[in-house]
Amino acid sequence: MLITTDGLVIKQKSIDEHDSLLTILTKERGVIYAYAKGARRLKSTLLPSTELLCYSHFVLFQNRDRYSVNSADLNQVFFGVREDIEKLSLATYFAQLSGLVLPVEEPEEEALRLFLNCMHLLEKDKLPMAQLKAVFELRLMTLCGFMPDLVGCANCGTYEGERMFFVARSGEIYCGNCREKSSGPLLELSRSVLQAMRHIIYSDFSKLFAFSLSEESLFLLGRAAENYTLSQVDAGIPTLDFYHSLHA
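If you count the sequence shown from 1, you need to add 29 to reach this note's numbering.
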């Protein structure tokens, strides 16, 4: 059976000298794996549209839960990301993280929308990379069912105390009066950072990127978002290590 879908290549694995196994993030079917015969040949018509981080229109042959690429046409290649090593390192981290946490064969319209929007904003330098990284991490975790509970203090329910603390391990916040009842290491959040985290998690997608923070607050937001993400992902993420190595 032939099916058509638009999808973003989030992983390309060489099978042999000429063939590839693609991991594709699609709207209708979420993450799928597709065999691309001959895609690595220099003269292959599949080569331009099956590379990592290409957004393409695919015609796939489906045999039960297996897919093979019949044809593919490139929708968008994001040259502005590919030509900048720092941007590319962040985008490949987004891709690896998506492959780790998103379920297979389940509709993922918002996850694909999130990734594509981040790629566009990254390519056009519309927002700081630190902000895009935190938004992607927290919103992706939320979409995967790992939404942190930031409504109020996990112990007393306080919405906004003079001091508020985040526990990455549990995804909970505690006020200053209840901090000793927390279940793990604490990261103190400024009011603006807590508001930003709530915005990322709870806002409509149309407003997701509509906030700004100082450089200091972005650094704190980045720590909170990354610590929480890593606490939920039971795997190493080499692309994240490489991204950080560029800032060492």
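Ideal placement from N, C-alpha and C gives every residue a C-beta, glycine not left out.
These numbers come from a predicted model, not from an experiment.
Beta-carbon contacts of Cys147 that lie in its chain and below 6 Å, excluding the five residues immediately before and after
Here residue 147 refers to the residue found at position 118 when the sequence shown is read from its first residue. The residues are Leu161 and Phe165.
Below 8 Å on the Cβ atoms is my contact criterion, and I expect Ala183 with Tyr257 to pass it. Report the Cβ-Cβ distance as a whole number of Å.
The residue given as residue 183 occupies position 154 in the sequence shown. The residue given as residue 257 occupies position 228 in the sequence shown. Not really, about 14 Å apart at Cβ, beyond 8 Å.
Which of the three DSSP states is assigned to Met158 in this structure?
The count along the sequence shown starts at 1 and reaches residue 158 at position 129. Looking at Met158 - three-state DSSP - the assignment turns out to be helix.
Could you give the C-beta distance for Thr171 and Ile230, rounded to a whole number, given that I count them as a contact under 8 Å?
Position 142 of the sequence shown holds residue 171. Position 201 of the sequence shown holds residue 230. That belief holds up - the Cβ atoms of Thr171 and Ile230 are roughly 5 Å apart, short of 8 Å.
If you scan the segment 72 to 140 from start to end, which runs of the alpha helix (DSSP H) of 4 or more residues do you find wholly inside it?
108 to 111 and 114 to 130
Taking the alpha-carbon of Tyr96 as reference, which of Arg208, Ile32, Ala159 and Glu217 has the nearest alpha-carbon?
As a position in the sequence shown, residue 96 is number 67, starting the count at 1. Closest by alpha carbon: Ile32.
What does Cys207 pair with, by DSSP beta-bridge criteria?
By one-based count along the sequence shown, residue 207 stands at place 178. Paired residue(s): none; Cys207 is not in a bridge.
Where Pro214 falls, given that 16 or more other Cβ within 10 Å makes a residue buried
Here residue 214 refers to the residue found at position 185 when the sequence shown is read from its first residue. Exposed, by the Cβ-count rule.
By the 10 Å Cβ neighbour count, where 16 or more other Cβ atoms means buried, how is Lys153 classified, buried or exposed?
By one-based count along the sequence shown, residue 153 stands at place 124. Classification of Lys153: exposed, given that the 10 Å Cβ count is below 16.
Quick one: measure Cβ to Cβ for Ser140 and Leu250, integer angstroms, because I've assumed they're closer than 8 Å.
Taking the sequence shown and counting its residues from 1, the one referred to as residue 140 is at position 111. Taking the sequence shown and counting its residues from 1, the one referred to as residue 250 is at position 221. According to the sequence as given, residue 140 is Ala; it is not Ser. Their Cβ separation, rounded to whole angstroms, is 21 Å, which puts Ala140 and Leu250 out of contact at 8 Å.
Hey, quick one: how far does the alpha helix (DSSP H) through Gly251 stretch, first residue to last?
Counted from its first residue, the sequence shown places residue 251 at position 222. Unbroken alpha helix (DSSP H) run through Gly251: Glu244 to Gln261.
Please go through the same chain and pick out, in chain order, the residues whose beta-carbon is closer than 7 Å to the beta-carbon of Asp178, but skip the five residues on each side of it.
Against the sequence shown, residue 178 aligns to sequence position 149. If we look at Asp178 and ignore the five residues flanking it on each side, its Cβ neighbours are Gly200 and Glu201.
Under 9 Å between C-beta atoms, does Ser127 make it to chain D?
Among the chains in the structure shown there is no chain D, since it carries only a single protein chain.
Just to confirm, are Ala120 and Leu82 a CB contact at a threshold of 9 Å?
Against the sequence shown, residue 120 aligns to sequence position 91. Against the sequence shown, residue 82 aligns to sequence position 53. Between Ala120 and Leu82, the CB-CB gap stays under 9 Å.
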